[in-house]
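A short write-up of the structure that comes next.
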């Protein structure tokens, strides 16, 4: 047993799970928008993609159960319990990531109450629910063999389960066949989203076959991991047979995949050198043909590194197909790209990490790896009471618990602190109205205030203003600036009154223009004479193509901006009438772009 | 079966319909979330004016399809089509899987991304106003009679009348008559409106048929798999028994 590697792996998984806890707390309190990169054009993202992956890797469960119990290949029995465990953990990961992905996860029971036979997802919900129960029952004997359950009551359950094995296995195969393929059928209805190189009427069959292949390859990889961590026996010839079977299934999958593309005429044209076609080629060649070809060679299968590499490549190919189909290569409208957020990735890693920890716990404490069940199930607990393999059970309790606890909690603190520290502000605060920064006023008679909200203080003679306004307005003077209902940051800008200083019109930003034209040296570009608003050049002197009627290109797919809409609607008619009725200024900018003070007067209903 | 006919040639893009819609549905302030995709629709705006590639304003809102993809994919019946035509949403059933958003070829349903208990948001064809005997808010607000409310069959004949009366004014096609099995909201236009269903072929068969081509096989497939596995289990077991018995007999003979 490689204790150091085991400890390191456990630390890594624990770290990920703790980081995931932070992300999970944000997810369930602030919602999907705060945690994910999903948007209205990409309602499905990374969590859906990894979910499809978990189920593919769990495909070994029903495959091996079928091979052992239906086809009675007793030689594969040593792999059976690990296959069931991996499947159980794969489906548990699927369900947990589903809870993260659902907007209203507490409604997850709704498919039980509201039957919708026309929905693929309804069928999947039922199949997964039932199959997860079947897997639980199939795995329960392993738990019941633990000495804790050496009681007649559990013994009876154990024997009951043993008697139900065959019906359970067959139910598991039926349910798996249905939902493994239906997971692919989810995408049948969206030809407008799925890339042509991945879309196929045969998606259900492709998902079913690739799940068998990926499940078998996952068993091979797990055997190598278990051998490294727990020095469990590596049955290389047996794994070679699994690899060989996996290769044949992979060939079937590839044949259907490519055959369908060729028949529908997508294939030659689809390889157009776009990045999608490169992903496609990589997936088919590196993750498909290469392992499928190599695994047919007995020499490769007999070589542990060859076998392991091929299994990993095969898994890569299957996961790549599922992630490309459901996430990477999906069509999205321009201007709405999808990138998984950091929290999304952390949760997508934390869920399999938690499954990994459960795997380690079970592998250490239950007869999963080393146990080859007898043909006649003996009473639980009996064969272990003699203490044949004490190390099989004890490790959880024999470890230095105090040391382990310290180490785990230390790691947890670091993981939680790191994740919380790097959490994006939006994920904590949620959606907010944009605010402009403003510094509070300082002083008394002459205040230092942030008059134009650009975080630069200017001297404001407060008493002076007070007196002048009081002469004009009396008691209402204070309200002019100190208005309680000002939105946003509740500070009155100088330009609210002194428009000629800063913002001559509602849409003209003087500071922006000064900055963009090169600071103080640029005044003369507009102010040809005296530096006053009245002497400034007309907008159209620089903005020749300001109106969309004057040839501005409309922004495709976006709603017209306020400017585009009004210029487009009003200007043409104004120009027409200016010419026809000989009203010189009817089409000039200032007809509409007037000062707020004048707004009151000219706000009367206007002809359309 | 009720519906709305949009005459794109009459629309000036004044956005009165959108304001009326926001008011009638008590929609909140539109504050521009990063999850929006720039077409104007969001959880706060159930309809929007988009520009066609030619620059013409076109109203974008739920088509209330006759065979809605969103309804067919919903695993819990939270999306449902009423016999009168409107496609409605019931958040008390919704799990939040967002399959409806994935399946809609027009990209209409939007999500409340910034709450921990989000709903899907889409046009309801103002069913509540209809039951109170009023017109849909957008139809009532339209100053140019670009939106016409009525029975779908009547709207369809009106549309064809207009196409026949002023052939030069319109493209010879009622958008929504056949696309994806037809919809309650239809358009007549002088510009091609296929941009409203981007990246799609606007096929005339309804999208749910694609799922159904698989789902209809599921019962037979489950029976076949179950039967095959049970049969194999029995046959293989029997052959092994026979083999074993033969071996035992052979052993006795020797």
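Protein chains in written order, with the numbering used here: chain E, 1 to 608; chain U, 1001 to 1254. Beta carbons: idealized from backbone N, C-alpha and C, even for Gly.
For residue 137 of chain E, the closest C-alpha among the options E:165, E:155 and E:125 is that of E:165. Annotated three-state conformation of residue 1065 of chain U is strand, per DSSP. Of the residues E:473, E:367, E:422 and E:119, the one whose Cα lies closest to the Cα of residue 139 of chain E is E:367. For residue 1149 of chain U, the enclosing beta strand (DSSP E) covers residues 1147-1151. In the structure shown, residue 1003 of chain U adopts extended strand secondary structure according to DSSP, grouped into three states. Beta-bridge annotation (DSSP): residue 1088 of chain U is paired with U:1080. Leaving aside the five residues that flank residue 1069 of chain U on each side, the residues in its chain whose CB is nearer than 7 Å to its CB run, in chain order, 1103, 1104, 1105, 1207 and 1208. The Cβ atoms of residue 1006 of chain U and residue 1180 of chain U do not sit closer than 8 Å to each other.
Taking a beta-carbon distance threshold of 8 Å, residue 138 of chain E does not count as an interface residue toward chain U. Assignment of beta-bridge partners to residue 446 of chain E by DSSP yields E:461. Under the three-state reduction of DSSP output, residue 298 of chain E falls in the helix class.
Taking a contact to require three or more Cβ pairs closer than 8 Å, the stretch 203-219 of chain E and the stretch 347-358 of chain E do not qualify as touching. Every alpha helix (DSSP H) of 4 residues or more that sits fully in the stretch 190-247 of chain E is shown, in chain order, as 203-230. Look at residue 186 of chain E here: in three-state DSSP terms it is coil, with no helix or strand label. Boundaries cannot be given for residue 1053 of chain U, as no alpha helix (DSSP H) includes it and DSSP labels it neither H nor E. Judged by DSSP in its simplified three-state form, residue 3 of chain E adopts helix.
Shown here, residue 118 of chain E sits in coil according to DSSP, grouped into three states, outside any helix or strand. Under the 8 Å criterion on CB atoms, residue 119 of chain E is classed as interfacial with respect to chain U.
Exposure of residue 1192 of chain U is indicated by the presence of fewer than 16 other C-beta atoms within 10 angstroms of its C-beta.
In the three-state DSSP reduction, residue 1185 of chain U falls in the strand class (E or B). If you draw a 10 Å sphere on the C-beta of residue 1087 of chain U, you find 16 or more other C-beta atoms in it, and that means buried.
Secondary structure of residue 1199 of chain U (DSSP, three-state): coil. Using a CB distance below 7 Å, the part of the stretch 1062-1075 of chain U facing chain E consists of 1069, 1072, 1073, 1074 and 1075, ordered along the chain. In the DSSP assignment, the residues bridged to residue 39 of chain E are E:42. In terms of beta-carbon proximity, residue 1016 of chain U stays away from the interface with chain E, with every pair separated by 8 Å or more. A Cβ of chain E is located within less than 8 Å of the beta carbon of residue 1111 of chain U. Interface residue (Cβ-Cβ distance to chain U less than 8 Å): residue 213 of chain E is not classified as such. Judged by DSSP secondary structure, residue 1060 of chain U falls within the beta strand (DSSP E) whose first and last residues are 1057-1060. If you check each beta-carbon in the stretch 1078-1100 of chain U against every beta-carbon of chain E, the ones closer than 9 Å belong to 1078, 1091, 1092, 1093, 1094, 1095, 1096, 1097, 1098, 1099 and 1100.
The beta carbon of residue 1033 of chain U sits closer than 8 Å to some beta carbon of chain E.
Residues 11, 14, 15 and 18 of the same chain have their beta carbon placed closer than 8 Å to that of residue 411 of chain E, with the five preceding and five following residues left out of the count. Spanning the alpha carbons of residue 86 of chain E and residue 418 of chain E requires a straight line of approximately 31 Å. Along the stretch 1202-1227 of chain U, the positions whose C-beta sits under 8 Å from a C-beta of chain E are 1207, 1208, 1210, 1211, 1212, 1213, 1214, 1215, 1218, 1221, 1222, 1225 and 1226, read in chain order. Approximately 47 Å separates the beta-carbon atoms of residue 406 of chain E and residue 329 of chain E; this is outside 8 Å, ruling out the contact.
For residue 365 of chain E, the enclosing alpha helix (DSSP H) stretches over residues 342-365.
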